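*Asks:* Mind looking over this structure? Questions follow.
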Amino acid sequence: MNAMNHNKVWVCSDISSRLAAEMAVELGISPIVAEILLRRGIDQPDVMERFLSPSLAHLPDPSLLKGMDKAVQRLMRACQRREKILVYGDYDVDGISSTVILVQFFRQLGMKVFYHIPSRIQEGYGLNSEIISRYAREGVSVLITVDCGISNLDEVKHAAGFHMDTIITDHHEPPAELPNAYAIINPKQDGCRYPEKNLAGVGVAFNLLVACRREMRSAGMLPGEINLKRYLDMVALGTVADVVPLTGVNRVLVKYGLEEIASAHRPGLEALLSISRVERQNGITARDIAFKLAPRLNAAGRMDSVHDAMELLLTDDAAVADEQAYRLQQLNQQRRKVEEVIFEEVNNCLALDRQHGGKHVTVLASADWHEGVIGIVASKIAERYFQPTMLVSINEEGIGKASGRSIPGIHLLDMISKCSNYLNRFGGHQMAVGFSINHDNLEAFRDSLDRLVAEQLQNLELQQELSLDGRLQLGSLSFQLLEEIARLAPFGFGNPEPVFAAEGLEVKRASIVGRNHLRLEIRDQSASASAIGFNMGEQKISAGDLVSLAFVPQVNIWNGNRSIQLNLKDIRRRQAD
């Protein structure tokens with residue numbers, strides 16, 4: 000397979016224009032917005048209304064989560080007895096934000112609470128028996144996991160040996176055999192009646208706090224009112240960063256969480272917003288989290304330890320927050336430099352010999368690659384070459400830690416599980432995996448995986464698709480329409496920004512700006528518009544060309560002036576007659 004940057008298939012599903020018009024009148028919205036909703040499978044007026052006006056009142060009862068009531072009763076007893084609690088998290092933003100809200104909640108209750116987030120390099124993912132032993136000596140009697148724990152059978156048994164009760168809150172796929180924990184809260188476990196199965200880890204943790212507060216308030220145990228709405232800034236952070244679908248419950252939580260971030264009541268987030276140079280004229284968006292806030296918080300776990308990120312988000316001291324934000328900024332700049340070096344090395348290697356890492360997969364290894372960033376690079380290489388990619392960081396003992404990313408149609412976890420005889424450990428899901436492998440097994444693993452993927456590809460017609468939400472004339476674009484489209488936010492995985500197509504456009508002006516970005520001035524019979532195609536400078540577009548564009552319409556603010564700009568997703572070109 001070659002790099003696939005172009006030749007996407009544009010897909011626009013058929014809908015009833017009459018139904019769209021009827022829904023538009025009934026709900027008081029634009030027919031264009033009604034068409035978007037219909038194309039996304041939202042076709043009932045009451046469901047449309049809920050989507051357009053999401054409310055915290057729509058959230059399901061946390062008690063629907065299996066194990067919730069038992070967990071709440073145990074935590075109430077711990078509160079009454081003033082027991083010591085350990086919150087055990089994960090080193091990504093989901094794990095960090097989950098840890099923050101639990102620590103914050105129990106501190107507000109006046110309880111003695113510890114937290115531990117493992118080092119990515121030294122400890123790895125999940126519970127660690129040595130750490131559990133250490134906190135057992137501190138007198139901890141309740142262990143709460145967040146964003147981890149569902150696969151830690153031995154470690155939970157180890158905790159029980161110290162008479163420590165473990166409450167697991169997790170959102171990862173449960174294994175066939177579950178740990179013998181005091182309570183397990185995971186929407187994906189068998190028998191769980193909670194309707195939203197795709198919560199992030201922080202979403203599960205937040206539900207635990209909602210249920211705890213309700214029962215503690217009823218029992219008269221709260222020292223004062225605890226406003227959990229203020230915690231939604233962390234819930235939005237972890238939910239967006241963990242790339243769970245922004246639909247249903249997740250969309251509601253993120254919508255209100257973004258408002259909490261914008262209110263700037265947490266000094267750490269205010270400092271992070273400032274150093275990340277987040278533009279706030281139109282409010283905080285999920286994109287701001289994904290591309291500005293989350294990378295800086297993740298840099299702590301990728302390059303160092305998460306101490307800086309935790310201190311940033313828990314502090315009430317603005318000076319401390321500024322100091323920690325600066326530290327994270329430095330770590331993120333370091334992460335980007337390391338990532339760029341690895342990307343260039345991998346890309347140059349594939350440019351010289353496209354099949355160096357495999358014919359149908361890319362599996363490459365080096366002792367010089369930082370294991371904290373190889374997942375990011377693997378994702379970029381997989382996207383660039385449209386091929387499953389695994390990058391392996393080899394340590395001094397000859398053990399490789401790998402991160403892999405897939406493409407649509409290839410279930411990567413299924414693939415590597417069939418080669419598991421070469422692996423020490425592995426896990427993941429359809430689109431992303433991680434594993435440990437001895438360096439001596441790499442070549443045999445690559446060959447075996449390459450054959451499996453080749454067999455899978457024989458039954459697939461791999462083609463990059465671009466889903467369209469409608470076709471427009473330029474004259475249909477207005478600030479009012481964009482304000483209506485904004486009601487469909489927050490946008491992200493599972494709820495992307497609407498993409499439209501405009502056809503038969505004449506290019507009035509074309510130029511390359513910045514680092515290989517394409518700027519166009521175009522027109523049709525109804526109006527003119529400006530467009531920007533990021534990293535599309537290689538497109539040979541000239542004044543006078545006739546083009547069709549796929550784009551996201553956005554508000555552009557420059558020197559205080561507002562205009563509508565088309566953010567290009569694809570271009571189809573033909574010469575004028």
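At position 373 of the sequence shown the residue is numbered 372 (numbering that gives the first Met the number 0), and the sequence of numbers has no breaks. Positions of the beta carbon are idealized from the N, C-alpha and C atoms, including for glycine. These figures come from a predicted structure and were not determined experimentally.
Along the beta strand (DSSP E) that carries A509, what are the first and last residues, could you check?
*Replies:* Residues F499 to V512.
*Asks:* Using a Cβ-Cβ cut-off of 8 Å (strictly less than) and excluding sequence neighbours within five positions of V99, which residues of its own chain qualify?
*Replies:* Result list for V99: M233, M309, L312 and L313, in chain order.
*Asks:* Could you check how far apart the C-beta atoms of A528 and L465 are, in whole angstroms? I think they sit under 8 Å.
*Replies:* Contact flag wrong, Cβ pair sits at about 19 Å.
*Asks:* Looking at L11: is its Cβ nearer than 8 Å to the Cβ of R572?
*Replies:* One point to set straight first is that residue 11 is Cys, not Leu, in the sequence displayed. Not in contact: C11 and R572 (Cβ atoms no closer than 8 Å).
*Asks:* Does the beta-carbon distance from G397 to A364 come in below 8 Å?
*Replies:* No.
*Asks:* For C211, which option in D189, L101, E343 and R450 has the closest C-alpha, if you only look at C-alpha atoms?
*Replies:* If we check each option's Cα against that of C211, L101 comes out closest.
*Asks:* Starting from the Cα of N515, find the closest Cα among I521, A526 and I531 and give me that residue.
*Replies:* When only C-alpha atoms are compared, the closest one is I531.
*Asks:* With a cut-off of 8 Å on the beta carbons, I'd call L207 and I184 a contact; round off their distance for me.
*Replies:* The Cβ separation is near 6 Å, so the contact holds.
*Asks:* Using the Cβ count rule (16 or more neighbours within 10 Å means buried), how would you classify F290?
*Replies:* Label assigned to F290: exposed.
*Asks:* Near L292, which residues of its chain fall below 7 Å by C-beta distance, leaving aside the five closest residues on each side in sequence?
*Replies:* So the qualifying residues of the chain are L236, L271 and S275.
*Asks:* Using a Cβ-Cβ cutoff of less than 8 Å, which residues in the same chain neighbour V506 once the five nearest sequence positions on both sides are dropped?
*Replies:* Hits under 8 Å: L519, E520, I521, I540, S541, A542, G543, D544, L545 and V546.
*Asks:* Out of R445, V554, K228 and K187, point me to the one whose CA is closest to Q479's CA.
*Replies:* Measuring from the Cα of Q479, the nearest candidate turns out to be V554.
*Asks:* Three or more C-beta pairs under 8 Å: does that hold for the region 326 to 341 against the region 364 to 376?
*Replies:* Output reads yes: the region 364 to 376 touches the region 326 to 341.
*Asks:* Determine contact between the region 171 to 178 and the region 141 to 156, defined as no fewer than three beta-carbon pairs at a distance below 8 Å.
*Replies:* Counting Cβ pairs under 8 Å, three or more are found: they touch.
*Asks:* Kindly indicate the opening and closing residues of the alpha helix (DSSP H) around V209.
*Replies:* First-last of the alpha helix (DSSP H) with V209: G200 to S217.
*Asks:* Report back the beta-carbon spacing between A526 and L467 to the nearest angstrom; my notes put them in contact at under 8 Å.
*Replies:* Wrong, their Cβ atoms sit about 20 Å apart, outside the cutoff.
*Asks:* Let me check understanding here. Comparing Cα to Cα, which of E25, Y90, L487 and L51 lies closest to Y114?
*Replies:* For the residues E25, Y90, L487 and L51, the minimum Cα distance to Y114 belongs to Y90.
*Asks:* With DSSP as the reference, please indicate the residues paired to F290 in a beta bridge.
*Replies:* The partner list for F290 (beta bridge, DSSP) is empty, contrary to what the question assumes.
*Asks:* Between which two residues does the beta strand (DSSP E) harbouring E464 extend?
*Replies:* Its beta strand (DSSP E) spans residues E464 to S466.
*Asks:* Spell out the partners DSSP gives R611 in its beta bridges.
*Replies:* This structure does not reach residue 611, given that the chain is present from 0 up to 576, and the question cannot be answered.
*Asks:* Specify whether the region 151 to 171 and the region 404 to 415 touch according to this definition: at least 3 beta carbon pairs, one from each stretch, less than 8 Å apart.
*Replies:* The region 151 to 171 is not in contact with the region 404 to 415.
*Asks:* Quick one: grab the DSSP three-state call for E25.
*Replies:* If DSSP states are grouped into helix, strand and coil, E25 belongs with the helices.
*Asks:* Name the residue from S217, R119 and Q107 whose alpha carbon lies nearest to the alpha carbon of V372.
*Replies:* If we check each option's Cα against that of V372, R119 comes out closest.
*Asks:* Which residues does DSSP list as the beta-bridge partners of A364?
*Replies:* Paired residue(s): V391.
*Asks:* According to DSSP, is N4 part of a helix, a strand, or is it coil?
*Replies:* For N4, the pLDDT reaches just 41, beneath the cut-off of 50, and the residue's location in the model is therefore unreliable, although a value from the coordinates is still provided. Note: N4 maps to coil in three-state DSSP.
*Asks:* Alpha carbon to alpha carbon, what distance is there between R301 and E395?
*Replies:* C-alpha separation (whole angstroms): 19 Å.
*Asks:* Alpha helix (DSSP H) containing D164: first to last residue?
*Replies:* No alpha helix (DSSP H) contains D164, which is instead part of the beta strand (DSSP E) from D164 to T168.
*Asks:* If we call anything under 8 Å between Cβ atoms a contact, is L385 one with Q463?
*Replies:* The amino acid occupying residue 385 in the given sequence is Phe; Leu does not appear at that position. In this structure, Q463 lies closer than 8 Å to F385 by Cβ.
*Asks:* Compute the Euclidean distance between the alpha carbons of W368 and R334, then round it to the nearest angstrom.
*Replies:* Near 12 Å, if we compare the C-alpha coordinates of R334 and W368.
*Asks:* Out of R213, N423 and Y87, which one is the CA nearest neighbour of Q72?
*Replies:* Looking at the Cα atoms, R213 is the closest of the given residues.
*Asks:* Using a 10 Å radius around the Cβ and a threshold of 16 neighbouring Cβ atoms, would you call I31 buried or exposed?
*Replies:* Classification of I31: buried, given that the 10 Å Cβ count is 16 or more.
*Asks:* Within the continuous alpha helix (DSSP H) that includes F385, where are the two ends?
*Replies:* That residue, F385, is in no alpha helix (DSSP H); it is neither H nor E in DSSP.
*Asks:* Quick check on the DSSP output: what are the complete alpha helix (DSSP H) runs of length 4 or more inside the region 231 to 289, in order along the chain?
*Replies:* Listed in chain order, they are 231 to 240, 247 to 262 and 266 to 274.
*Asks:* For I14, which residues in the same chain have their Cβ closer than 7 Å to its Cβ, ignoring the five residues on either side in sequence?
*Replies:* If we look at I14 and ignore the five residues flanking it on each side, its Cβ neighbours are E34, L37 and R38.
*Asks:* Only counting runs of 4 or more residues, tell me where the alpha helix (DSSP H) segments fall wholly within the region 295 to 347, in order along the chain.
*Replies:* Within the region 295 to 347, the complete alpha helix (DSSP H) runs of at least 4 residues are 306 to 313.
*Asks:* When DSSP labels each residue in this structure, what does Y87 get in the three-state scheme?
*Replies:* Three-state DSSP puts Y87 in a strand.
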